[in-house]
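S.K.:
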Amino acid sequence: MENHQYHIFSPYRVCPLGAHVDHQHGLVTGFAFDKGVDLWFTPTEDGSVHLKSLTFEGEISFDVTKPSQVKEGNWGDYARGAKYALKKRFELTRGIEGVIKGSLPVGGLSSSAAVLTAYVMALAKANNITLSKMEVIKTASQAEREYIGLTNGILDQACIVLGEKDSLLFLDTDTEQYRIIKKNPRMPEFEIAIIFSGLTRSLVSSDYNLRVAECKTAAWNMMAYTGMPLKSFDKTYLRDIPKETYDLTKEKMPPRFARRAEHFYSEYKRVRKGVTAWETGNLNLFGQLSFESCQSSIKNYECGSEELIAIYNIMKQCDGIYGGRFSGAGFKGACIALVDPAKKEQIREQITSEYLRMFPEYTESFEIHFCKTDDGARFV
Ligand code: GLA
Numbered sequence: 083m084e085n086h087q088y089h090i091f092s093p094y095r096v097c098p099l100g101a102h103v104d105h106q107h108g109l110v111t112g113f114a115f116d117k118g119v120d121l122w123f124t125p126t127e128d129g130s131v132h133l134k135s136l137t138f139e140g141e142i143s144f145d146v147t148k149p150s151q152v153k154e155g156n157w158g159d160y161a162r163g164a165k166y167a168l169k170k171r172f173e174l175t176r177g178i179e180g181v182i183k184g185s186l187p188v189g190g191l192s193s194s195a196a197v198l199t200a201y202v203m204a205l206a207k208a209n210n211i212t213l214s215k216m217e218v219i220k221t222a223s224q225a226e227r228e229y230i231g232l233t234n235g236i237l238d239q240a241c242i243v244l245g246e247k248d249s250l251l252f253l254d255t256d257t258e259q260y261r262i263i264k265k266n267p268r269m270p271e272f273e274i275a276i277i278f279s280g281l282t283r284s285l286v287s288s289d290y291n292l293r294v295a296e297c298k299t300a301a302w303n304m305m306a307y308t309g310m311p312l313k314s315f316d317k318t319y320l321r322d323i324p325k326e327t328y329d330l331t332k333e334k335m336p337p338r339f340a341r342r343a344e345h346f347y348s349e350y351k352r353v354r355k356g357v358t359a360w361e362t363g364n365l366n367l368f369g370q371l372s373f374e375s376c377q378s379s380i381k382n383y384e385c386g387s388e389e390l391i392a393i394y395n396i397m398k399q400c401d402g403i404y405g406g407r408f409s410g411a412g413f414k415g416a417c418i419a420l421v422d423p424a425k426k427e428q429i430r431e432q433i434t435s436e437y438l439r440m441f442p443e444y445t446e447s448f449e450i451h452f453c454k455t456d457d458g459a460r461f462v
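Residue numbers 83 to 462, in my numbering, belong to the letters of the sequence shown in order.
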């Protein structure tokens, strides 16, 4: 898109370990990888925003100098969301005119956080606003929570902004301290497989916010049983409750809530072990923990779909896969795996043939891609 002044690449992300815990201030890990969203744009002097998408139909127009508008339920909401979050702290006078394009199907790779990040960076550039990396993360996250309406944590935005090639992001979403841990030279090479189930719509997709509320209810139960003062629901996080309190109270709680807490505390342990495995170059153990994380998502967090669970079971039997799990919110979309690059083609064949034997209806929409870790969102 040579006729535009600027080009931002905002990568997608995967989270091998530390899933469904960021909204409870848990420990997470992740990679940015070499597929994502491209935004080409030129600032406008009059505050107008005009956007075209090479992925979705229609064009979007609005004015950043006017008050925030209500959501319209189309792809333009992400640009309007970026305006909403930036306007909370800054005066915006310039808009952008541009084109956006995604490089992989939507579902499980946090394309929503990738586009929000790109729009935040673009509108900030147009208005001469300098944002630190953490401010970009927070602004994009605020847009997603308050404007788009998902009660999620900062995992996606953090991987997208802080990710570095050949490195694992390890982030404590409570303190917001993080480390970028370079791949140990002793660790074998790996690539990231993205396996799209073909299922793009699911009736259970809205259970994301419900699970967040269930986690908070588990926390409230534990606090009430042990006489801790309750905080308002939105300020209640599992991270604030010691594991010992969970051990004392888990039998008393309705099992549904105890399972959500079990996922949280067990994932905390897996992330700690996984970070050590990564640091010591033990990709087999790191992968194994990712498989275990997925098992806990199925059993304790109760997300997934028949399709994603089938892919997970096939992945576990595949030679050349170190480990993997559902991606994203885990209700539809994709599984991810860390794979031996020498075995990519046999992995592709085995997963495709076994999965499509079970779900022939996805013959047209099922896809596997192999990707490499990459740097975070940037001007190209
Ligand atoms: C989605 C959310 C994230 C995180 C993951 C699950 O991608 O946007 O904040 O909760 O699900 O780990």
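Built from N, CA and C at the ideal position, the CB exists for glycine as well.
In this text the structure is predicted, and so the values were computed from the model without any measurement.
Between which two residues does the alpha helix (DSSP H) holding Phe138 run?
M.R.: The residue given as residue 138 occupies position 56 in the sequence shown. Run containing Phe138: none; DSSP gives neither H nor E here.
S.K.: Please go through the same chain and pick out, in chain order, the residues whose beta-carbon is closer than 6 Å to the beta-carbon of His29, but skip the five residues on each side of it.
M.R.: Only positions 83 to 462 of the chain appear in the structure, and residue 29 is not among them; the question remains open.
S.K.: Touch check for the segment 190 to 199 and the segment 393 to 412: three-plus C-beta pairs under 8 Å?
M.R.: With a cut-off of 8 Å, the segment 393 to 412 and the segment 190 to 199 count as touching, because enough Cβ pairs lie within range.
S.K.: Is Ala196 near the ligand GLA, in the sense that its beta carbon is under 7 Å from a heavy atom of that ligand?
M.R.: The residue labelled residue 196 in the question sits at position 114 within the sequence shown. Checking every heavy atom of the ligand GLA against the Cβ of Ala196, none is found closer than 7 Å.
S.K.: So, helix, strand or coil for Pro346, using DSSP?
M.R.: The residue you call residue 346 lines up with position 264 of the sequence shown. Checking the sequence, you will find Phe at residue 346 rather than Pro. The answer is helix: DSSP assigns Phe346 an H, G or I state.
S.K.: Can you tell me the Cα-Cα spacing of Asn291 and Glu127, whole angstroms?
M.R.: Position 209 of the sequence shown, counted from the first residue, corresponds to residue 291. Position 45 of the sequence shown, counted from the first residue, corresponds to residue 127. Approximately 39 Å, taken between the alpha carbons.
S.K.: So is the beta-carbon of His451 under 7 Å away from any non-hydrogen atom of the ligand GLA?
M.R.: For the purposes of this step, residue 451 is taken as the residue at position 369 of the sequence shown. Flag unset: Cβ of His451 not near the ligand GLA.
S.K.: Any heavy atom of the ligand GLA closer than 7 Å to the Cβ of Gly356?
M.R.: The residue labelled residue 356 in the question sits at position 274 within the sequence shown. Checking every heavy atom of the ligand GLA against the Cβ of Gly356, none is found closer than 7 Å.
S.K.: With a threshold of 7 Å on Cβ separation, who are the neighbours of Leu285 within its own chain once the five nearest residues in sequence on each side are excluded?
M.R.: Reading the sequence shown from its first residue, position 203 is the one you call residue 285. Per-residue confidence for Leu285 stands at a pLDDT of 42, beneath the threshold of 50, marking its modelled position as unreliable; the derived number appears in the next sentence. If we look at Leu285 and ignore the five residues flanking it on each side, it has no Cβ neighbours.
S.K.: Which residue wins for smallest C-alpha separation from Ala392, given the options Phe441, Ala295, Thr327, Thr282?
M.R.: Here the question's residue 392 lines up with position 310 in the sequence shown. Comparing Cα positions, the closest option is Phe441.
S.K.: Drop a sphere of 10 angstroms on the beta-carbon of Thr199, count the other beta-carbons inside from all chains shown, and report buried for 16 or more, exposed for fewer.
M.R.: For the purposes of this step, residue 199 is taken as residue 117 along the sequence shown, with counting starting at 1. Under this definition Thr199 is a buried residue.
S.K.: Can you look up Pro270 in the DSSP assignment and give me helix, strand or coil?
M.R.: As a working note, residue 270 is residue 188 in the sequence shown. Coil, per DSSP.
S.K.: Do Val131 and Ile182 have their beta-carbon atoms positioned less than 8 Å apart in this structure?
M.R.: Position 100 of the sequence shown holds residue 182. Position 49 of the sequence shown holds residue 131. Against a cut-off of 8 Å, the Cβ pair of Val131 and Ile182 comes out as no contact.
S.K.: Taking 7 Å as the cut-off, is the beta-carbon of Ala101 closer than that to any non-hydrogen atom of the ligand GLA?
M.R.: As a first step, residue 101 must be located in the sequence shown, where it is residue number 19. Correct: Ala101 has its Cβ closer than 7 Å to the ligand GLA.
S.K.: At the level of alpha carbons, what is the spacing between Tyr201 and Ala164?
M.R.: Numbered from its first residue, the sequence shown carries residue 201 at position 119. Numbered from its first residue, the sequence shown carries residue 164 at position 82. Their Cα atoms are separated by approximately 6 Å.
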